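Residue numbers (the numbering used here): 949 to 1903. For each residue, glycine too, the CB sits at the ideal point set by N, CA and C. Computed from a prediction, not measured in an experiment: that's the story for all the values here. The block underneath contains the structure these notes are about, expressed in structure tokens.
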């Protein structure tokens, strides 16, 4: 069992010197492609494949036609419709203002990426079948870099629909992925197109060359603790990243002074290597040339382990062909798998080849996307293209009961090895210069990892053979497996989940960064401790922020490009304030791309300012409607459809209160018990369960006395006054739904579950994400939140909707026309890789957020909030912010601080949570147990704050 470029034995090799040809073939396929009409199918070939102004020679035209037919054949086999040619009517767009994911490579290799991209970002995933469909243009302000322009491509859409499109003006790529092997890019042309671009690239020739050196790749893996075949290497001028001697466990590099006259040294080293314990049970070794120049051009030769003289002679013969940074490798061949099981005869001796696709996700963390296997005879290691792809469990079952019983353990080991492989590559990449990487934004976003299984003491363990940047054959094998299950239902359908899903999410995330870098935004309201993440994130994204705030000494004033001091706390003067702000913006000559706010008090002011400056925003009337809670409910109660189900189904009866006379009237109109809350409030401050009219009057009087203006409790909406409302109390579980909307379209939704609140004040205690609800119930919540936002006229933005799920379905508590507060942005970023802050900034600039429609969570988070009234002592000792941050650095919890403990108001009736602690786990139950143990150890759990009760929903 050898690596991706060492597949099956040649039949015509002399005895004792069996060869392994490369599965990818020569680097330059030349003109040996079959004709375009050689595929069995009935699709049209008279389509517009020529690109005006970029003529192709006859051979290049034939290559383009061949790959177009190959695409049609792949679509046909997948049961998808033929590509429609609409290139005669060029598409117009907004170059530089839209996501454009461009792939230049073989359709069969990248089909899963293309189809997944068509689902996640309709019309923005483009396949170029010829380098002439692309052009580079110098980038203003970026010497040495170029923008990549797309004049023609096949665009992909949901349902597998595809169109041959021309673009006038050309679209500007926000992400480029080039197949660096045989294909439309023809190697060198693709490498040149990918070099030094202003947009992110998922692979480069420079990075590929590093990983195509098997010795360097194995050194990286071995240093990360990943098992690799025992390898002996000889080199005159090894790669600069290697050093002579032991380069990792089981690896040895012998540096030679010259190529000639090394017979004695080679024989001694080979003899010692073949007799070493590092080879384990291997009965054969392979000899071949290492280095990027030989990948796909030089067959390896197999020799018996006992034939030391023959192996040494083969090495000496190859030394004559060495060039700088190349090596001759002698490596162990993993024996076939054959495990006995108690009471059963051993299975047949089979060779297993495991292919793993691993992707870079949010925070540069590796994530195993998919594993497929090929099974072959023990004396003939399989190749991807010569074997049907199979799930790991099915492949192990063929090796006998003993192997099948280890499936779960093997999958865990494969995951650890594959993710460690990408981590090693990313670490190497981080130390390279932009020139060494092939560009400032060149990076490795996914990796194909080829592995074999070795049996030691009855246990199976993966052995990493090779790495493939740009994932060619591994990605194609995964796509083939997905195709086998594409039309199936039932448990097997899980195998059809796209291996390319995380990759496309990364492509979108990096595209968003590309689109937003350098954008100028005005932020209205700086917020407090809980919004500190905004300023660091903006710097990371390359945003140019300008800030308006009432506090001239706010810490954020030093972190932005421009600070405008203006008292904006009196929101009943918002129209006047908006005119003043607009004038200040013009006086300072600020050229803004957008304006937004994440602070409750400033949302209406922001909408007014956007209207004054002509910047994108949801309609002012909609923001005003959503900001006033009783108006929201009463308006939705009148929205009875069509279409059905109408928002009225989710609204809750309520009555606004401005005087004690209103209280008496409301107590007769709204069924009690009810909920009394501030009309413009935030953070559940002042919210109270009232059982009867007397309690209602008493609480109304208390609020009227205690919370009269902004100075009494800053940041909870008292700049609007202290009007209240009484609404019906509904039974059920409480949930948050965070939505991303653009032009009235729902782009993404994230649902979280809340634990039981502390009555009678409804203070939040605990939460879990993703939701543990049944899929149908979760869908009901998302649709209810979406319909309520549309019912209020909220069309563009990131919105937080609070609902209760009752026996009769979802009921609306309130709409917050801004992104979710407290921990929600952090949790969604951690679990789904989607940054609501960046999405909100994109909408504010009039750009469609580059977010996947159905992102998959990477685990589960369960958290609990803390209150100064209950946890002051713990937060000053075992659970101090410094201690919690140290635990977070060790990966033991997530700590989100909402207020500074020194500046937080003292405990009282109007207390807000001061922080949250959360633990991660593969399931809510496991995360819950971890959190409960942590809270008990830190002193957060106690008789007056029963964390176990608050977490009881999350099982």
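> Residue range of the beta strand (DSSP E) that residue 1676 falls in?
Replying inline: 1672-1676
> Are residue 1535 and residue 1577 closer than 7 Å when you measure CB to CB?
Replying inline: no
>> Report the CB separation of residue 1079 from residue 1141 in whole angstroms; it is logged as a contact under 8 Å.
In response: 6 Å
> What number of angstroms, rounded off, separates the C-alpha of residue 1222 from the C-alpha of residue 1198?
Replying inline: 12 Å
> Which class does residue 963 belong to by DSSP, given the choice of helix, strand or coil?
Replying inline: A caution first: residue 963 carries a pLDDT of 29, below 50, which makes its placement in the model too unreliable to give a value.
> Is the region 1478-1495 in contact with the region 1637-1655, if contact means three or more CB pairs nearer than 8 Å?
Replying inline: no
>> Quick check on DSSP: helix, strand or coil for residue 1130?
In response: Caution applies to residue 1130, whose pLDDT of 48 falls short of 50 and renders its modelled position unreliable; the model cannot decide the point.
> If you run the structure through DSSP and keep just helix, strand and coil, what is residue 1750?
Replying inline: strand
> Straight-line CA distance for residue 1093 to residue 1145?
Replying inline: 5 Å
> Mapping DSSP to helix, strand and coil, what is residue 1056?
Replying inline: helix
> If we ignore side chains and look at the alpha-carbon of each, how far apart do residue 1828 and residue 1514 end up?
Replying inline: 35 Å
>> My parser needs the beta strand (DSSP E) runs of 3 or more residues fully inside the region 1047-1098; what are they?
In response: 1049-1052, 1073-1076 and 1082-1086
> Residue range of the alpha helix (DSSP H) that residue 1664 falls in?
Replying inline: Element bounds for residue 1664: n/a, residue is neither H nor E.
> Run through DSSP, which three-state label would residue 1887 get?
Replying inline: coil
> Is residue 1012 helix, strand or coil by DSSP?
Replying inline: helix
>> On the DSSP bridge list, what partners appear for residue 1820?
In response: DSSP, once it has assigned bridges, lists no residue as partnering residue 1820.
> Under the DSSP definition of a beta bridge, which residues are partnered with residue 1314?
Replying inline: 1308
> How long is the line joining the alpha carbons of residue 1914 and residue 1493, rounded to whole angstroms?
Replying inline: There is no way to answer for residue 1914, as the model of the chain reaches only from 949 to 1903.
> Hey, residue 1887 and residue 1822 are a contact pair by Cβ (cut 8 Å); roughly how many whole angstroms apart?
Replying inline: 4 Å
>> Short of 7 Å in beta carbon distance, which residues of its chain neighbour residue 1706, apart from the five on each side in sequence? Order them along the chain.
In response: 1713
> What residue ranges within the region 1787-1845 form continuous alpha helix (DSSP H) runs of no fewer than 4 residues, ordered along the chain?
Replying inline: 1816-1823 and 1829-1837
> Tell me the DSSP bridge mates of residue 1717?
Replying inline: 1809
> Are the region 1452-1464 and the region 1476-1486 touching by the rule of at least three beta carbon pairs closer than 8 Å?
Replying inline: no
>> Judging by CA-CA distance, which residue of 1074, 1005 and 999 is the nearest neighbour of residue 1031?
In response: 1074
> In terms of residues, what are the limits of the alpha helix (DSSP H) holding residue 1554?
Replying inline: 1551-1561
> Thinking C-beta only, is residue 1320 closer than 7 Å to residue 1366?
Replying inline: no
> With distances taken from CA atoms, which of 1084, 1090 and 1629 is nearest residue 1549?
Replying inline: 1629
> With a CB to CB cut of under 7 Å and the five nearest residues on each side skipped, what residues in its chain are close to residue 1040?
Replying inline: 1116
>> I need the DSSP call for residue 1265, collapsed to helix, strand or coil.
In response: helix
> If residue 1860 sits next to residue 1623, beta carbons under 8 Å apart, how far is it from one beta carbon to the other, in whole angstroms?
Replying inline: Not quite, the Cβ-Cβ distance comes to about 17 Å (not below 8 Å), so this is no contact.
> Is residue 1499 helix, strand or coil by DSSP?
Replying inline: coil
> With respect to the alpha helix (DSSP H) encompassing residue 1625, which residues constitute its N-terminal and C-terminal limits?
Replying inline: Looking at the DSSP string, residue 1625 is not in any alpha helix (DSSP H); the run it does join, the beta strand (DSSP E), is 1622-1626.
> Can you tell me whether residue 1647 is buried or exposed, with buried defined as 16 or more other CB within 10 angstroms of its CB?
Replying inline: buried
>> Let me check understanding here. Comparing Cα to Cα, which of 1528, 1615, 1670 and 1653 lies closest to residue 1643?
In response: 1615
>> Could you check whether the region 1559-1567 touches the region 1789-1796, counting it as contact only if at least three pairs of C-beta atoms, one from each stretch, sit closer than 8 Å?
In response: yes
> Is the beta carbon of residue 1121 sitting closer than 7 Å to the one on residue 1096?
Replying inline: yes
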